Amino acid sequence: MIWVEVTFHKIDNKVSAYMSFKTIDNVKTLGVAFALLMTGGINTAFAADEDPTHWLKRCVTDSRSIRTCLLTEAIILENKEREIRIQLASIRIQTVSSSKSKTMFIQVPNRILLQPGLRFQVDQGKTRVAPFSICYEKACESEVDLSNDFINQLKKGNEVTLSFLQFDGKPVTIKVPLAGFTVGYNSKGVELTPEQAGLVPAAKPAKEDVPKPLPE
3 MIWVEVTFHK
13 IDNKVSAYMS
23 FKTIDNVKTL
33 GVAFALLMTG
43 GINTAFAADE
53 DPTHWLKRCV
63 TDSRSIRTCL
73 LTEAIILENK
83 EREIRIQLAS
93 IRIQTVSSSK
103 SKTMFIQVPN
113 RILLQPGLRF
123 QVDQGKTRVA
133 PFSICYEKAC
143 ESEVDLSNDF
153 INQLKKGNEV
163 TLSFLQFDGK
173 PVTIKVPLAG
183 FTVGYNSKGV
193 ELTPEQAGLV
203 PAAKPAKEDV
213 PKPLPE
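Residue numbering for the sequence shown follows our numbering, beginning at 3 and increasing consecutively.
Put into structure tokens, the structure is as follows:
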């Protein structure tokens with residue numbers, strides 16, 4: 003069994019179409035990441051609860067005045083000497099002002115067994131299993147509807163444990179710290195413009211009028 007517990011985590015730089023991630027190229031690279039971690043070549047500093055980049059909430063309001071917020075945490079493996087920076091896993095919780103529903107998106111590297119799904123639990127609580135809803139080029143994602151009870155578990159918890167199987171059947175466990183979750187969840191959030199969120203293309207600067215040469 004491969005067991006990984008990483009306590010160095012950063013947030014994605016921006017929301018892009020409500021999804022932004024840096025992922026692992028393949029299982030071979032995943033093995034390299036694990037090897038880097040075990041050899042001590044990866045920065046694994048832990049951020050305090052008061053860290054403003056810890057479980058950061060980013061929001062955007064569309065043309066219909068509907069406000070969508072994403073509360074995001076990501077596990078990042080980083081080796082400065084080799085200039086390697088890889089997102090190992092991420093959790094995003096989405097809320098929409100026009101709905102009472104809350105949705106959690108969990109991403110892990112691809113090249114995994116899809117049928118067993120993704121197992122997750124808060125501390126020593128109930129283990130839940132969610133199917134993988136979609137796989138991108140470098141990541142697979144589970145989408146889970148959340149209840150208020152589960153949100154309260156996250157607020158009171160210390161960590162979320164993610165478990166899945168590699169393509170060869172070997173289990174992988176990743177722990178995502180919940181320090182700062184309550185502060186981030188209850189915050190107003192950082193407001194992004196639709197352009198910053200990637201919902202609309204950024205306006206191009208107006209071209210200066212250049213006088214045409216007179217005919218000869």
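Backbone N, C-alpha and C define an ideal beta-carbon position, used for all residues, glycine too.
Computed from a prediction, not measured in an experiment: that's the story for all the values here.
Item	Value
Length of the line joining the Cα atoms of Gly127 and Val146	17 Å
Span of the beta strand (DSSP E) around Leu180	Counting along the chain, Leu180 falls outside any beta strand (DSSP E), and DSSP gives it neither H nor E.
DSSP state of Asn112 mapped onto helix, strand, coil	coil
For Gln155 and Gln123, the rounded distance between their alpha carbons	10 Å
Backbone secondary structure at Lys157 - three-state DSSP	helix
Distance between Leu164 and Arg121 (C-alpha atoms, nearest Å)	6 Å
Nearest-angstrom Cα separation, counted from Arg130 out to Pro111	19 Å
Inter-residue spacing [alpha-carbon to alpha-carbon] between Thr175 and Leu194	33 Å
Nearest-angstrom Cα separation, counted from Asn150 out to Asp133	The sequence shown places Pro at residue 133, not Asp. Answer to the nearest angstrom: the Cα atoms are 21 Å apart.
Cβ separation of Thr105 and Leu148, assumed to be a contact under 8 Å, to the nearest whole Å	7 Å
Residue(s) in a DSSP beta bridge with Lys59	Leu73
Sequence-distant residues of the same chain with beta carbon closer than 6 Å to Pro118, five excluded per side	Leu167
Contact check, Val192 vs Ala91, beta carbons under 8 Å	no
Distance CB(Gln89)-CB(Ile78) smaller than 8 Å	yes
N-terminal and C-terminal residue of the beta strand (DSSP E) that Ile95 is part of	86–98
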